[in-house]
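Going left to right, the first sequence walks through residues 5 to 866 as my numbering numbers them. We put the CB at the ideal spot given by N, CA and C, even for glycine. Single-structure report; data block below.
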Amino acid sequence: MTESYRPGELEPAIREFWEAHDLDRAESGGGERFYCLSMFPYPSGKLHMGHMRNYTISDVISRYHRMQGHRVLQPMGWDAFGLPAENAAMANGVPPAKWTRDNIEHMRGQLQQLGFAIDWERELATCDPSYYRWNQWFFLRLLERGIAYKKTGTVNWDPVDQTVLANEQVIDGKGWRTGAPVEKREIPMYYLRITDYADELLESLDTLDGWPERVRTMQANWIGKSEGAEIAFACGLDTIKVFTTRPDTLMGATFMAVAAEHPLARQAAEGNPELAAFIAECQTGGVSEADIATQEKKGMDTGLKAVHPITGDELPVWVANYVLMAYGEGAIMAVPGHDERDFEFALKYGLPIRQVVSLPEGGEYDDRQWHDDYAVKGGHLVNSGRFDGLSWSEGFDAIVAELEKRGAGHARTQFRLRDWGISRQRYWGCPIPIIHCPDCGDVPVPDEDLPVVLPEELVPDGSGNPLNHCADFLDTPCPKCGAAAKRETDTMDTFVDSSWYFLRYTGPDNDRAMVDERADQWMPVDQYIGGIEHAILHLLYARFWTKLMRDEGLVQVDEPFKRLLTQGMVLAETYYREDESGRKTWYNPADVAVQRDGKGGINSAVLEADGQPVEPGGIEKMAKSKNNGVDPQALVDTYGADTVRLFSMFAAPPEQSLEWSEAGVEGAWRFLKRLHAGVQSHVAEGVLPGRRPDELGPAARELRTRLHETIGKVGDDMGRRQTFNTAIAAIMEFCNELQRFEADDEAARLLIQEAWESVVRLIAPVTPHLAEALWRDLGQDGSVFEGGWPRVDESALERAAVTVVVQVNGKVRGRVEVAPGADRDSVQAAAMADDNVVRHVEDKTVRKVILVPDKLLNIVVG
RNA sequence: GCCGGGGUGGCGGAACUGGUAGACGCGCCGGACUCAAAAUCCGGUUGCCGAAAGGCAGUGCGGGUUCGAUUCCCGCUCCCGGCACCA
Numbered sequence: 005m006t007e008s009y010r011p012g013e014l015e016p017a018i019r020e021f022w023e024a025h026d027l028d029r030a031e032s033g034g035g036e037r038f039y040c041l042s043m044f045p046y047p048s049g050k051l052h053m054g055h056m057r058n059y060t061i062s063d064v065i066s067r068y069h070r071m072q073g074h075r076v077l078q079p080m081g082w083d084a085f086g087l088p089a090e091n092a093a094m095a096n097g098v099p100p101a102k103w104t105r106d107n108i109e110h111m112r113g114q115l116q117q118l119g120f121a122i123d124w125e126r127e128l129a130t131c132d133p134s135y136y137r138w139n140q141w142f143f144l145r146l147l148e149r150g151i152a153y154k155k156t157g158t159v160n161w162d163p164v165d166q167t168v169l170a171n172e173q174v175i176d177g178k179g180w181r182t183g184a185p186v187e188k189r190e191i192p193m194y195y196l197r198i199t200d201y202a203d204e205l206l207e208s209l210d211t212l213d214g215w216p217e218r219v220r221t222m223q224a225n226w227i228g229k230s231e232g233a234e235i236a237f238a239c240g241l242d243t244i245k246v247f248t249t250r251p252d253t254l255m256g257a258t259f260m261a262v263a264a265e266h267p268l269a270r271q272a273a274e275g276n277p278e279l280a281a282f283i284a285e286c287q288t289g290g291v292s293e294a295d296i297a298t299q300e301k302k303g304m305d306t307g308l309k310a311v312h313p314i315t316g317d318e319l320p321v322w323v324a325n326y327v328l329m330a331y332g333e334g335a336i337m338a339v340p341g342h343d344e345r346d347f348e349f350a351l352k353y354g355l356p357i358r359q360v361v362s363l364p365e366g367g368e369y370d371d372r373q374w375h376d377d378y379a380v381k382g383g384h385l386v387n388s389g390r391f392d393g394l395s396w397s398e399g400f401d402a403i404v405a406e407l408e409k410r411g412a413g414h415a416r417t418q419f420r421l422r423d424w425g426i427s428r429q430r431y432w433g434c435p436i437p438i439i440h441c442p443d444c445g446d447v448p449v450p451d452e453d454l455p456v457v458l459p460e461e462l463v464p465d466g467s468g469n470p471l472n473h474c475a476d477f478l479d480t481p482c483p484k485c486g487a488a489a490k491r492e493t494d495t496m497d498t499f500v501d502s503s504w505y506f507l508r509y510t511g512p513d514n515d516r517a518m519v520d521e522r523a524d525q526w527m528p529v530d531q532y533i534g535g536i537e538h539a540i541l542h543l544l545y546a547r548f549w550t551k552l553m554r555d556e557g558l559v560q561v562d563e564p565f566k567r568l569l570t571q572g573m574v575l576a577e578t579y580y581r582e583d584e585s586g587r588k589t590w591y592n593p594a595d596v597a598v599q600r601d602g603k604g605g606i607n608s609a610v611l612e613a614d615g616q617p618v619e620p621g622g623i624e625k626m627a628k629s630k631n632n633g634v635d636p637q638a639l640v641d642t643y644g645a646d647t648v649r650l651f652s653m654f655a656a657p658p659e660q661s662l663e664w665s666e667a668g669v670e671g672a673w674r675f676l677k678r679l680h681a682g683v684q685s686h687v688a689e690g691v692l693p694g695r696r697p698d699e700l701g702p703a704a705r706e707l708r709t710r711l712h713e714t715i716g717k718v719g720d721d722m723g724r725r726q727t728f729n730t731a732i733a734a735i736m737e738f739c740n741e742l743q744r745f746e747a748d749d750e751a752a753r754l755l756i757q758e759a760w761e762s763v764v765r766l767i768a769p770v771t772p773h774l775a776e777a778l779w780r781d782l783g784q785d786g787s788v789f790e791g792g793w794p795r796v797d798e799s800a801l802e803r804a805a806v807t808v809v810v811q812v813n814g815k816v817r818g819r820v821e822v823a824p825g826a827d828r829d830s831v832q833a834a835a836m837a838d839d840n841v842v843r844h845v846e847d848k849t850v851r852k853v854i855l856v857p858d859k860l861l862n863i864v865v866g
């Protein structure tokens, strides 16, 4: 009588065993160090499927490396500051600190139930003063070095709540709570000079060969290095400076456009109420680039004239809403002939459009209809006076040289990347350690007074930062002169917190330094895993911060993350009902019963609670707004952690989005039951640990070949390719073969023992609890994670014959068995013994025969 | 709008360097076991034609390169991620 698989009993017992043997500690064990890091979670309340997936990937990689004999660090912490805690506080009246810490408690318990080999002694939370004091300390160093500086920046302003809004809180140009049209407002903020590092951040992308190409491309485009020219246009007594990537088109500049915030626009508006009104109109709406880039292009003539630096022509100066103050100089020379946005604007306002570069592919230029060819770099200059006939690149150089001669411009490199504004007008964040003194100005908090501790009992109400009304925090003597002064109430962008947490994990207990020598021992992170949505901002800031810490002499690494895996999103079906006013109520998929037709399509969906129908709303990213988050906890309770882990690794490759499916979880559960039963039935006949078979019959030899092919494939999939879905598929496939195999002698039983020992080790990174239990059932001592990774026996891979596919004109017509390495003529001869092949070849002339050795033969006839 | 990625059976996906399209799993169909059901086990399952052998079509759409294209190239389309204050 064999035991059945009961994860509810098995899993906690196995976790106790791990804990008793200290298996999850990074410092335990020997071997090379391997730092496996997952993006730490925001403690939003409950673990969601995205977390589950992220940490399972990380755990599979960690355990795989542990089995390779490495000393693995897999830490965990909490990205604990941020907006959702303030929103929860407004909704429930609970201070963000309490809400956050309660969530951490709950989520830590959930993570522990999933059996992740996390070194919990290194746990950290960014809202703890012991962590954020080092944000403050380092900020002061950056201030000393001139990397941190103060200037104004544009924010979304809700005129009713009198508060700054995050981009997320601006919906269709209106405040999310008040519905009031949002305004742009200029306020003073602290910035970090990330642009000083733009070149290095761009160039060292080339060294990151363990990163996905798409992430490197996105970062390179974000940094956006472009070679061009800075050109000065005289405008009365002022000068309008512009940057252009196409100085070769200078002779086609027909007007100038400046941002609404540009000083010249302001100046021109003083005597021009119509223009002032237009500029005010430009001040409405959100500040996000997506909003600005999609809004209708609008502009107004300022009446000012700029002088073309070469022709001396007067160009009208317009204010245009598509010119960004934050990019370049806040002004452009408009070349409608060769820039799509300028073209569209010129067409709308009847401004001249002039072709100055011929089309590279020839063809007619039509100034009523834009074609993408007009912006292509190529062709030669036309309508450009003495520059006519030069190629576009010769024209580029000649015009820049001419501008330099006249003192009106020079070649320049421009980055799209802007300096990083880190000030947030919010309570639940790391206080910026500055004191404002009426006499001394902005005074840095002295190091010995750090940390500036955030009061934790405040409850924000939506109308601004409660720190502004908290006298205990606000009032403090000036460190310089001792006079009454006020603390800065802005807090830091939470991206600051997440830009160096991976360094703190290496020495979280150090209360005298930000990091110590242990950082250099563990860094760089060997494997980083996180959502693709972080491909640009977080990863760029973390790279930047690492370089800042390097330049401060705190660490030696240039780049923090050697290898990066960007996991896809977790998606789920959405369901809703619409009321008369068109307002949608979203229902959680777990509460909806779906009837499917015979072919698998959805017939009907009803809410289980009332049996009434709900509408399917499509498959979307699991999110609160659509109420389609599936709680992993319920699944863990039903099936155990191993089943949920197995499904989430099996359902899709890690980089792709994953559609949640309860039915798929059932499949994973069935496989584990079969695996358990298979091992048990072998064990029931007696275990034979450590012995290997020799003399095997043909069927057994084939099974052993398949076993060692599987070991090779799974190792490659888990290590090099990181396609855990195909690794699991290969294990399942082999198990199917193994369970069909019947042992008829001692050697075959030894093979079955070898096979189960190998299967258990191959699956161990994915389903660690079950694997650990089965390892012991197979008569092994100690932990499966200390038992090593199975080795491929090369001699088992040799086969007597291979199957070669035979094609005629590219269509499969047969298969032949030949000796490995058989040459073209002998494979062709074998193929001509196949009736079906002969039928397609006879009566025709063989024109060509192509052999892909051991795989395919294509006979081309005609 | 700009940058990046994706689209393959009823569904999730596989096919790694241009070489058998659909591995593995789900679902469905049939069968075994059972008084019955569940669980489990066995078989089938891209579509069309065919009793079968086999044939034809087929990887979002339109074209191209090649003996051979899911894979490479050109054009389109739809979906997803990011766009600097969501994290």
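Query: For Leu241, count neighbouring C-beta atoms within 10 Å of its own C-beta (all shown protein chains included) and say buried if the count is 16 or more, exposed if not.; Result: exposed
Query: With respect to the alpha helix (DSSP H) encompassing Asn58, which residues constitute its N-terminal and C-terminal limits?; Result: 53 to 71
Query: Quick check: the Cα distance between Trp374 and Val360, rounded to an integer number of angstroms?; Result: 15 Å
Query: Given a threshold of 16 other Cβ atoms within 10 Å of its Cβ, counted over all protein chains shown, does Tyr46 qualify as buried or as exposed?; Result: buried
Query: My understanding is that Ala284 touches Gly303, with C-beta atoms under 8 Å, so please give their C-beta distance in whole angstroms.; Result: That pair is no contact at about 15 Å.
Query: Is the beta carbon of Pro658 less than 8 Å from the beta carbon of Leu569?; Result: yes
Query: Determine the direct distance from the alpha carbon of Asp165 to that of Thr298, and round the result to whole angstroms.; Result: 27 Å
Query: Under the three-state reduction of DSSP, which class applies to Gly604: helix, strand or coil?; Result: Only weak support exists for where Gly604 lies, its pLDDT of 42 falling under 50; the value from the coordinates is given anyway. Reduced to three states, the DSSP call for Gly604 is coil.
Query: Residues in the same chain with beta-carbon distance under 6 Å from Asp721, minus the five sequence neighbours each way, listed in chain order, please.; Result: Thr727, Thr730, Ala731
Query: Mind checking Val850: buried by the 16 CB within 10 Å criterion, or exposed?; Result: exposed
Query: Let me know the secondary structure DSSP gives Gln173 once reduced to three states.; Result: helix
Query: Using a 10 Å radius around the Cβ and a threshold of 16 neighbouring Cβ atoms, would you call His473 buried or exposed?; Result: exposed
Query: Look up Phe44 in the DSSP assignment and say whether it is helix, strand or coil.; Result: coil
Query: Do Phe85 and Gly433 count as a contact pair if the criterion is CB distance below 8 Å?; Result: yes
Query: Do Gly35 and Val186 come within 8 Å of each other at the CB atom, strictly closer than that value?; Result: no
Query: Cα-Cα, which of Thr647, Leu679, Gly682 is closest to Ser665?; Result: Thr647
Query: Classify Pro772: buried if its beta carbon has 16 or more other beta carbons within 10 angstroms, exposed otherwise.; Result: buried
Query: Between Glu406, Leu543, Gly633, Glu556, which has its C-alpha nearest Met518's C-alpha?; Result: Glu556
Query: Who are the near neighbours of Ile108 in its chain, counting only those whose CB is closer than 8 Å to its CB and skipping five residues on each side?; Result: Pro47, Trp82, Ala84, Ala129
Query: Note down, in chain order, each residue of its chain lying with its Cβ closer than 7 Å to the Cβ of Glu408, except the 5 sequence neighbours on either side.; Result: His414
Query: Taking only three categories from DSSP, how would you classify Phe738?; Result: helix
Query: Could you tell me which of Pro364, Asp371, Arg372 sits nearest to Gly382, measuring between CA atoms?; Result: Pro364
Query: Is the beta carbon of Pro133 sitting closer than 8 Å to the one on Val457?; Result: yes
Query: In chain order, what residues of the same chain lie with their CB nearer than 6 Å to the CB of Gly818, ignoring the 5 residues before and after it?; Result: Val810, Asp838, Asn840, Val841
Query: What's the C-alpha gap between Phe670 and Ser8?; Result: Reading off the sequence, residue 670 comes out as Glu, not Phe. In a straight line, the C-alpha of Glu670 is about 17 Å away from that of Ser8.
Query: For Val770 versus Val788, is the C-beta distance shorter than 8 Å?; Result: no
Query: Alpha helix (DSSP H) containing Ser830: first to last residue?; Result: 828 to 835
Query: Check whether the region 684 to 701 touches the region 94 to 112, taking contact to mean three or more Cβ pairs, one atom from each stretch, closer than 8 Å.; Result: no
Query: Can you grab the Cα-Cα spacing for the pair Glu20 / Val634, in whole Å?; Result: 28 Å
Query: I'd like to know whether the C-beta atoms of Val596 and Glu619 end up nearer to each other than 8 Å.; Result: no
Query: Assign Arg851 to one of three DSSP states: helix, strand, or coil.; Result: strand
Query: If you reduce the DSSP assignment to three classes, tell me which class Ala3 lands in.; Result: The structure shown does not extend to residue 3, since the chain is modelled only from 5 to 866, so the question has no answer here.
Query: Report yes or no: do the region 198 to 207 and the region 427 to 442 share at least 3 C-beta pairs separated by less than 8 Å?; Result: no
Query: So what's Thr199 in DSSP terms, helix, strand or just coil?; Result: helix
Query: Would you check if the region 330 to 338 and the region 271 to 279 touch, i.e. whether three or more CB-CB distances between them fall below 8 Å?; Result: no
Query: Leaving aside the five residues before and after Asp305 along the sequence, list all residues of the same chain whose C-beta is less than 6 Å from its C-beta, in chain order.; Result: Pro320, Trp322
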